[in-house]
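To start, the structure under review is shown below, and the notes come after it.
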Amino acid sequence: MEKKRKSVSYAKWGYVFILPFFLCYFIFSLIPLADTIRYSFFEYYRSGIKEIGPTFIGMENYVSLLKSDMFKYGANTLILWVIGFIPQIAVALLLAVWFTDVRLKIRAKQFFKVVIYLPNLIMASAFAMLFFTMFSANGPVNSILLSLGIIQEKVDFLGSVWGTRSLVGLMNFLMWFGNTTIMLMAAIMGISPDVFEAAEIDGCSGFKRFFYIILPLIRPILTYTLITSIIGGLQMFDVPQILTNGQGSPDRTSMTLIMFLNSHLKSKNYGMAGSLSVYLFIVSGLLCLLVYKITNDNDADGSKAAAKKKAKEERRRRK
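Going letter by letter, the sequence shown gives residues 357 to 675 in this note's numbering.
Below you can see the structure in the form of structure tokens.
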């Protein structure tokens, strides 16, 4: 008789290897998150060297925030995000389609990929300092424009609403369009070449190829890009913080929600900071859910719609 081989289970090692991640997440993320929510229901701040609280006050912090300039700063955040995201996704889609189109036969693709991704490797603080120096009243941009005769007097880019917001949007665009381009290129390259060959044989034009083949098939990656961009936009802090020296100038028109949150943390008002964090968490979740519902198609082939139509026809016949 053959001896039965002793089976060895390796399943437990999978749990062992992922255990450090869950421990780190629990210690450094989950506990602080729960603590933030807890502090949002307390009056807890410092006045000079005196510490007030923590005293339970229920929903008072949330009500106070609704009466503050939170909605104004939320609108500022939305405007700054739109200014940066719209050109980012448009340019990224255009470059991704160009670089993945074998008919164009573009040379040195690897070089261009590296070049467009390089800004993503630069720290946002360094980027902001660079733009602050370049576009200041006595910076090189004003000097060049004056010497070329394009302007007659110095332009105060950082002193105007459109100037500051445009610079913040431009920096966010430059930092992230390369990363978005690489992701969209990977999505397009994942489409079967047979689909493009069939479309070319059928005489499909470039516009139809883009709108009826590429866009529907890369929708999951577009959804991911939009959701991560929304989360990043709500967390926008370092670029406007450095560019405006933390003031959100002019007249707080570039003050974002995270800059508002940081002002509470600087004043040691942990209760208000916690409640604002909870608001941001809820808004992020709702926006991401809305985007997912809008962009996710559970009936890509139309089978569910056809089944519903057939069911309706059968009900009509029975009546």
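For every residue, glycine included, the Cβ atom is placed at its ideal position computed from N, Cα and C.
**Request:** Would you grab the beta carbon distance between TYR635 and LEU450 for me? Rounded to a whole angstrom, and I think it's under 8 angstroms.
**Result:** Taking the sequence shown and counting its residues from 1, one reaches residue 635 at position 279. Taking the sequence shown and counting its residues from 1, one reaches residue 450 at position 94. Actually they are not in contact, since the Cβ atoms of TYR635 and LEU450 sit about 36 angstroms apart, beyond 8 angstroms.
**Item:** Same chain, Cβ closer than 7 angstroms to PHE377, neighbours up to 5 away in sequence not counted
**Value:** Your numbering for residue 377 matches position 21 in the sequence shown. No residues qualify anywhere along the chain.
**Item:** GLN444 vs THR584 beta-carbon contact at 9 angstroms
**Value:** Here the question's residue 444 lines up with position 88 in the sequence shown. Here the question's residue 584 lines up with position 228 in the sequence shown. Against a cut-off of 9 angstroms, the Cβ pair of THR584 and GLN444 comes out as no contact.
**Asked** Where does LEU436 land, buried or exposed, given buried means 16+ other C-beta within 10 angstroms?
**Response** As a first step, residue 436 must be located in the sequence shown, where it is residue number 80. Answer is buried; the Cβ neighbour count reaches 16.
**Request:** Could you please give the first and the last residue of the uninterrupted beta strand (DSSP E) stretch that includes ILE408?
**Result:** Locating residue 408 in the sequence shown gives position 52, where the first residue counts as 1. Element bounds for ILE408: 406 to 412.
**Request:** Go through the segment 614 to 661 residue by residue and report every complete run of the alpha helix (DSSP H) that reaches 4 residues or more, in order.
**Result:** 626 to 651
**Asked** ILE574 to SER605, Cα distance in whole Å?
**Response** As a position in the sequence shown, residue 574 is number 218, starting the count at 1. As a position in the sequence shown, residue 605 is number 249, starting the count at 1. Those two C-alpha atoms are separated by around 39 angstroms.
**Item:** C-beta atoms of MET531 and ASN476 nearer than 9 angstroms
**Value:** Numbered from its first residue, the sequence shown carries residue 531 at position 175. Numbered from its first residue, the sequence shown carries residue 476 at position 120. Yes.
**Request:** Taking only the alpha-carbon atoms, compute the straight-line gap between ILE538 and MET415 and give it to the nearest angstrom.
**Result:** Walking along the sequence shown from the start, residue 538 turns up at place 182. Walking along the sequence shown from the start, residue 415 turns up at place 59. Near 45 angstroms, if we compare the C-alpha coordinates of MET415 and ILE538.
**Message:** Is it buried or exposed, ILE507, if we count other Cβ atoms within 10 angstroms and call 16 or more buried?
**Reply:** As a working mapping, residue 507 is identified with position 151 in the sequence shown. ILE507 should be labelled exposed.
**Asked** Thinking just about the alpha-carbon of each residue, which of PHE397, MET545 and VAL372 is nearest to the one in ASN625?
**Response** Taking the sequence shown and counting its residues from 1, one reaches residue 625 at position 269. The shortest C-alpha separation from ASN625 is found at PHE397.
**Message:** I want to check one thing, is the minimum distance from the CB of LYS469 to the heavy atoms of the ligand COA below 8 angstroms?
**Reply:** The model depicted lacks the ligand COA and carries no ligand whatsoever.
**Message:** Classify ASN498: buried if its beta carbon has 16 or more other beta carbons within 10 angstroms, exposed otherwise.
**Reply:** Against the sequence shown, residue 498 aligns to sequence position 142. With 16 or more other Cβ atoms within 10 Å, it is buried.
**Request:** Rank SER403, LEU578, LEU582 and ILE598 by C-alpha distance to the C-alpha of VAL438 and give the top, closest one.
**Result:** On the sequence shown, residue 438 is found 82 positions in, with the first residue counted as 1. Residue LEU582 is the option with its Cα nearest to VAL438.
**Nearest candidate by alpha-carbon position, reference ASP594, set TYR580, SER610, ILE586 and THR579** = Taking the first residue of the sequence shown as position 1, residue 594 is located at position 238. That would be SER610, whose Cα lies nearest to the Cα of ASP594.
**Prompt:** Is it true that the CB of SER640 sits closer than 9 angstroms to the CB of ILE587?
**Reply:** The residue labelled residue 587 in the question sits at position 231 within the sequence shown. The residue labelled residue 640 in the question sits at position 284 within the sequence shown. It is a contact, given that the beta carbons lie within the stated cut-off.
**Request:** Give the DSSP-derived three-state secondary structure of GLU399 in the structure shown.
**Result:** In the sequence shown, the residue the question calls residue 399 occupies position 43. Reduced to three states, the DSSP call for GLU399 is strand.
**Request:** Could you tell me if LEU578 is buried or exposed, where buried requires 16 or more neighbouring beta carbons within 10 angstroms of its beta carbon?
**Result:** Start at 1 with the first residue of the sequence shown, and residue 578 comes out as number 222. Flag for LEU578 reads buried.
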